[in-house]
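Mapping of the sequence shown onto UniProt numbering: residues 1 to 436, in sequence order.
What follows is a short report on a single structure.
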Amino acid sequence: MKFPDTFIKKYQQLLGDEAEAFFKTFDQEAISAFRINPLKANIKKFDTPINNMPWSYYGKVSGKSSDHVTGLVYSQEPAAQMVAQVASPKKGMKVLDLAAAPGGKTTHLLSYLDNTGILVSNEINHKRSKILVENVERFGARNVVITNESATRLAKVFPNYFDLIVLDAPCSGEGMFRKDPAAIQYWNEDYPSQCAKVQQEILRDALDMLAPGGSIVYSTCTWSPEENEDIVRWLMEIDYNLSLEMIPKENGMVSGIDMPEVARMYPHRFKGEGQFVAKLRDTQTHQTSSKLKSARTNLTREQVQLWEEFYRRKVNTDLSGVLQVFGEQLYLLPNHLPDLSQLKIARNGLHLGTFKKKRFEPSFALGLALHPDEVDQVIEMTQEDFKKYVSGQTVSLPKSYANDWYYIAIEGNGIGFAKVVDKTLKNAFPKGLRFS
Ligand code: SAM
Numbered sequence: 001m002k003f004p005d006t007f008i009k010k011y012q013q014l015l016g017d018e019a020e021a022f023f024k025t026f027d028q029e030a031i032s033a034f035r036i037n038p039l040k041a042n043i044k045k046f047d048t049p050i051n052n053m054p055w056s057y058y059g060k061v062s063g064k065s066s067d068h069v070t071g072l073v074y075s076q077e078p079a080a081q082m083v084a085q086v087a088s089p090k091k092g093m094k095v096l097d098l099a100a101a102p103g104g105k106t107t108h109l110l111s112y113l114d115n116t117g118i119l120v121s122n123e124i125n126h127k128r129s130k131i132l133v134e135n136v137e138r139f140g141a142r143n144v145v146i147t148n149e150s151a152t153r154l155a156k157v158f159p160n161y162f163d164l165i166v167l168d169a170p171c172s173g174e175g176m177f178r179k180d181p182a183a184i185q186y187w188n189e190d191y192p193s194q195c196a197k198v199q200q201e202i203l204r205d206a207l208d209m210l211a212p213g214g215s216i217v218y219s220t221c222t223w224s225p226e227e228n229e230d231i232v233r234w235l236m237e238i239d240y241n242l243s244l245e246m247i248p249k250e251n252g253m254v255s256g257i258d259m260p261e262v263a264r265m266y267p268h269r270f271k272g273e274g275q276f277v278a279k280l281r282d283t284q285t286h287q288t289s290s291k292l293k294s295a296r297t298n299l300t301r302e303q304v305q306l307w308e309e310f311y312r313r314k315v316n317t318d319l320s321g322v323l324q325v326f327g328e329q330l331y332l333l334p335n336h337l338p339d340l341s342q343l344k345i346a347r348n349g350l351h352l353g354t355f356k357k358k359r360f361e362p363s364f365a366l367g368l369a370l371h372p373d374e375v376d377q378v379i380e381m382t383q384e385d386f387k388k389y390v391s392g393q394t395v396s397l398p399k400s401y402a403n404d405w406y407y408i409a410i411e412g413n414g415i416g417f418a419k420v421v422d423k424t425l426k427n428a429f430p431k432g433l434r435f436s
């Protein structure tokens with residue numbers, strides 16, 4: 001791999017004796033890994049576990065496999081997986097993932113929350129926010145709202161609101177050079193300090209959203225001190241209530257530069273790509289009295305009846321939250337959210353389904369968010385049927401069923417609801433996701 005001379009000099013100075021080992025890793029392949037999704041009903045074990053990481057395995061998963069399509073696995077290299085692990089949100093927390101697409105940290109945070117609390121997952125870039133929606137839906141969590149906003153606009157709606165804020169910041173991306181060598185062409189000596197300015201702007205807004213006593217996890221996938229330790233030092237200068245938490249150094253993580261609490265991941269030390277992570281806690285203890293206007297339901301009586309009729313017949317688990325309808329689409333928002341009407345929303349909570357003249361049709365997302373034992377009846381499909389189904393074909397069933405919507409599963413995990421007419425399963429796999 002060819003680097004600019006200024007890059008080589010910088011890291012020779014920074015790493016001293018270790019620089020040679022560091023540069024040698026760029027001639028090796030990037031490390032692939034994935035996480036298993038604990039929110040799914042049928043969890044598998046694989047034979048390449050990563051030490052000290054509860055859901056992680058080395059290796060690649062095909063995007064065409066049923067494990068991927070049902071959301072049982074999420075591909076993410078090991079160093080990136082340390083960010084949500086450092087954050088480790090407790091159940092019931094209100095969490096913000098401020099720069100979230102495509103969703104690696106978000107889905108990992110959701111694994112910890114286990115369908116409790118709230119995750120607001122934000123992505124400023126519209127196109128990337130769509131990918132985030134797709135990945136979150138597949139993951140099957142019920143407690144996420146996805147916004148497509150700037151941090152500044154979010155801060156107006158969520159003052160002092162979050163117990164935990166994760167900022168996986170836009171950065172110079174040096175740690176991704178091995179995975180994506182084309183990224184080197186954007187690098188120049190001044191790039192890290194340009195990125196640092198953006199990181200400071202986002203963090204100022206993040207501070208406004210942090211609840212007293214809350215935590216901020218700040219990460220980048222770069223090694224430049226300007227975007228890492230310098231940013232942490234600056235943050236503690238502008239908010240003297242923040243204190244650094246010690247991150248346990250596992251699997252080859254090392255301390256920061258003159259900052260033992262934070263963690264760096266270098267490919268010659270840690271089997272993965274590049275990452276920096278810091279955790280800061282607000283030491284204030286006083287409570288703010290929240291006067292936020294809450295999100296409210298807006299369904300007609302007929303819509304409530306149609307949803308309740310479906311819910312009673314088909315679902316046997318508690319789906320509490322605030323029901324909201326947009327056009328014909330019904331969503332379930334987690335409780336205790338403020339009014340979000342001033343924000344650009346990419347996914348208003350869990351998409352439950354669509355109202356069609358006097359009928360309610362369940363969504364694909366709802367089928368991914370429920371377990372087989374939370375619905376009245378399950379049709380389990382074979383791997384052969386799965387291949388037909390994901391390519392958009394109808395599937396013949398071995399016996400007849402009453403014409404209705406059914407929860408469809410493959411290897412014990414949901415793949416949406418579909419309509420059955422006699423012995424035929426109509427295809428309800430979203431057109432945009434089909435493949436053969
Ligand atoms: N956390 C993601 C994950 O684990 O999949 C990766 C996030 S990536 C490192 C940084 C993200 O920040 C990008 O998706 C980018 O669109 C977004 N971004 C860029 N400029 C931003 C800004 N000014 N405010 C907020 N987010 C920004």
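Glycine residues also receive a C-beta, built at the ideal position from the N, C-alpha and C atoms.
Treat the numbers as computed from the prediction; the structure is a model and nothing was measured.
Relative to the ligand SAM, Ile202 has its C-beta within less than 6 Å of a heavy atom.
In the structure shown, Ala263 falls within a strand segment according to DSSP collapsed to helix, strand and coil. Closer than 6 Å to some heavy atom of the ligand SAM: that describes the Cβ of Asp168. Distances from the CB of Pro102 to the heavy atoms of the ligand SAM include at least one below 6 Å. A distance below 6 Å between beta-carbons, with the five flanking residues on each side excluded, links Leu337 to the following residues of its chain, in chain order: Ala295.
Per the DSSP secondary-structure output, Asp282 pairs in a beta bridge with Leu242. Per DSSP, the beta-bridge partners of Lys94 are Ile118.
Contact check between the segment 161-169 and the segment 92-111: three or more CB pairs, one atom from each, fall below 8 Å, which counts as touching. Look at Arg233 here: in three-state DSSP terms it is helix. Relative to the ligand SAM, the beta carbon of Lys105 is positioned inside 6 Å of a heavy atom. Put simply, the segment 416-427 touches the segment 367-380. At least three CB pairs are less than 8 Å apart.
With distances taken between CA atoms, Ser172 lies nearest to Ala196 out of Gln393, Tyr240, Asn125 and Ala196. Exclusion of the five residues before and after Asp385 leaves Val395 as the residues of its chain whose Cβ lies within less than 6 Å of its Cβ. Between the segment 254-274 and the segment 193-209 there are fewer than three inter-stretch CB-CB distances shorter than 8 Å, so the stretches are not counted as touching.
Judged by DSSP in its simplified three-state form, Phe162 adopts strand. Around the Cβ of Lys90, a 10 Å sphere holds fewer than 16 other Cβ atoms; the residue is exposed. Taking the CA atoms as reference points, Val325 sits about 53 Å from Tyr11. Rounded to whole angstroms, the gap between the alpha carbons of Lys9 and Ala369 is 50 Å. The ligand SAM never approaches Arg178 closely enough for any of its heavy atoms to be under 6 Å from the residue's Cβ. Contact between Leu333 and Val198 is absent: CB atoms are separated by about 30 Å, not below the 8 Å threshold.
Secondary structure of His268 (DSSP, three-state): coil. Counting only the Cα atoms, Asn316 lies some 20 Å from Val420.
Residue nearest to Glu189 within the set Ile238, Glu411, Glu229 and Phe7 is Phe7 (criterion: CA-CA distance). Counting C-beta atoms within 10 angstroms of its own C-beta, Gly214 has 16 or more neighbours from the protein chains shown and is therefore classed as buried. Unbroken beta strand (DSSP E) stretches of 3 residues or longer found wholly inside the segment 30-56: 33-36, given in chain order. When DSSP assignments are scanned along the segment 315-354, the uninterrupted stretches of beta strand (DSSP E) that are 3 or more residues long and fall wholly within it turn out to be 322-326, 329-333 and 345-347. Within the same chain, Cβ atoms closer than 6 Å to the Cβ of His126 are found at Asn148, the five residues on either side in sequence being excluded. Assignment of beta strand (DSSP E) within the segment 141-220, counting only whole runs of 3 or more residues, yields 144-147, 162-168 and 210-220 in chain order. The C-alpha of Asn298 lies about 16 Å from the C-alpha of Leu350. Contact between the segment 28-35 and the segment 56-72 is present, with at least three C-beta pairs closer than 8 Å. In summary, Gly92 is exposed, with fewer than 16 beta-carbon neighbours lying within 10 Å of its beta-carbon over all protein chains present. For secondary structure counted as the alpha helix (DSSP H) over 4 or more consecutive residues, the segment 350-417 holds these complete runs in sequence order: 364-369 and 383-390.
Leu39 has its alpha-carbon roughly 29 Å from the corresponding atom of Arg359. According to the DSSP assignment, Ser436 belongs to no alpha helix (DSSP H), since it is labelled neither H nor E. Gly16: not part of any beta strand (DSSP E); DSSP gives it neither H nor E.
Cβ contact annotation for Leu397 (same chain, cutoff 8 Å, sequence separation greater than five): Ile379, Val420, Lys423, Thr424 and Leu425, in chain order.
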